[in-house]
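For our numbering, count along the sequence shown from 1 and bump the result up by 27.
Glycine included, each C-beta is placed from N, C-alpha and C at the ideal position.
Since this is a predicted model, take the numbers as computed values, not measurements.
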Amino acid sequence: MDQVVDDNKLWLERLRRDGKEALAAAMEHFRPRLMRMVEVRMDPRLAGRADASDVLQETYLDAARQIESYLAEPRLPVFVWLRYLTWERLMNFYRHNLGALKRAVRREVNLPDESSIALGNLLLAPGPSPSREARRTELKERIEKALAALPERDQEVILLRHFEELSNKETAAVLGLNESTATMRYGRALVRLKDALAEDSSAAGASGDTRS
28 MDQVVDDNKL WLERLRRDGK EALAAAMEHF RPRLMRMVEV RMDPRLAGRA
78 DASDVLQETY LDAARQIESY LAEPRLPVFV WLRYLTWERL MNFYRHNLGA
128 LKRAVRREVN LPDESSIALG NLLLAPGPSP SREARRTELK ERIEKALAAL
178 PERDQEVILL RHFEELSNKE TAAVLGLNES TATMRYGRAL VRLKDALAED
228 SSAAGASGDT RS
């Protein structure tokens, strides 16, 4: 059996048996992944007003209120359900603090350095060898710029798969797709991101030639 499916079955059994005690355990178990989602999407303008821990604390209260209705018809895996509630709570923080729309959360992403660098190394051919720190900074900036140039749905699937590190099955559940469609969407998004990075490299090269 698929590990994600197997784990979800066990969590559902625990939630039905132990209720809110199991819910607290589930929140603790999934906390690193939920924290990563919030931190990637947290607008810097919220600094000092809210942080990822605040969002997750409110998410737990939301989940505790909704646990019975969820268990009556669990259409989403436990982790995806908790992620959905976390997303909704983050939206509330945006509305109350910034009056921002949902799309603003996608625009204001904070890409983790290591994930950005890993993605850059995956998609970019090796180039000149500046200092390690200079290359890390350059890769992160190029990934951020290229990602911002993509259509929203391409941005979203890359954020889910690469930066939130969701499995394809989880990504499909979040997006409301079947798994094969989610796989194709991710593959096409990576191709478009690679093309955007190549265009950025070409533009930078042309600019350098003009200055010289």
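Rounded separation between residue i and residue j - CA only
{"i": "A51", "j": "Y87", "result": "8 Å"}
{"i": "I170", "j": "A225", "result": "11 Å"}
{"i": "V132", "j": "D45", "result": "Interpretation of V132 is limited by its pLDDT of 49, a score under 50 that renders its predicted location unreliable; no figure is taken from the coordinates."}
{"i": "L166", "j": "L146", "result": "9 Å"}
{"i": "M54", "j": "T113", "result": "11 Å"}
{"i": "L39", "j": "R110", "result": "15 Å"}
{"i": "A209", "j": "E179", "result": "15 Å"}
{"i": "G75", "j": "H123", "result": "14 Å"}
{"i": "R130", "j": "A49", "result": "Because the pLDDT at R130 is just 47, under 50, the model does not fix this residue reliably, and the value given afterwards should be weighed accordingly. Using only the alpha carbons, I get a separation of about 33 Å."}
{"i": "R72", "j": "D81", "result": "15 Å"}
Endpoints, the alpha helix (DSSP H) within which residue i is located
{"i": "M69", "result": "From DSSP, M69 is part of no alpha helix (DSSP H); its letter is neither H nor E."}
{"i": "R180", "result": "179-185"}
{"i": "F190", "result": "Counting along the chain, F190 falls outside any alpha helix (DSSP H), and DSSP gives it neither H nor E."}
{"i": "R116", "result": "105-125"}
Top-ranked residue by Cα proximity to residue i, from the options
{"i": "E115", "options": "S96, A99, A90", "result": "A90"}
{"i": "L177", "options": "E165, L204, S207, D222", "result": "D222"}
{"i": "E66", "options": "K196, L117, T210", "result": "L117"}
{"i": "A216", "options": "L202, H189, M69, D181", "result": "D181"}
{"i": "E85", "options": "E100, F190, V32, L61", "result": "L61"}
{"i": "E95", "options": "R43, A77, R122, L37", "result": "R43"}
{"i": "Y97", "options": "M64, R72, K47, A77", "result": "K47"}
{"i": "W108", "options": "F190, F57, L125", "result": "F57"}
{"i": "V105", "options": "V201, M211, R63, E179", "result": "V201"}
{"i": "S150", "options": "G214, R92, R63", "result": "Residue 150 is actually Leu in this sequence, not Ser. Answer by Cα proximity: G214."}
{"i": "L103", "options": "L125, K36, R188, P59", "result": "K36"}
{"i": "R63", "options": "R188, R92, K196", "result": "R188"}
{"i": "P59", "options": "L204, E191, T164", "result": "E191"}
Residue-chain proximity (residue i, chain B), Cβ-Cβ < 8 Å
{"i": "L187", "result": "Given the protein chain composition of this structure (a single chain), no chain B is represented."}
Contact test: residue i Cβ vs the ligand NAD heavy atom, cutoff 7 Å
{"i": "R60", "result": "Absence of the ligand NAD from the depicted structure is noted, as is the absence of any ligand whatsoever, leaving it without description."}
Expected contact under 8 Å - CB spacing of residue i and residue j to nearest Å
{"i": "A173", "j": "L220", "result": "6 Å"}
{"i": "V218", "j": "T198", "result": "Not quite, the Cβ-Cβ distance comes to about 17 Å (not below 8 Å), so this is no contact."}
{"i": "F120", "j": "A79", "result": "Incorrect: roughly 10 Å between the Cβ atoms, too far for contact."}
{"i": "S194", "j": "V31", "result": "6 Å"}
Item to check | Contiguous beta strand (DSSP E) assignments of at least 3 residues, all confined to the region 35-100 | outcome: none
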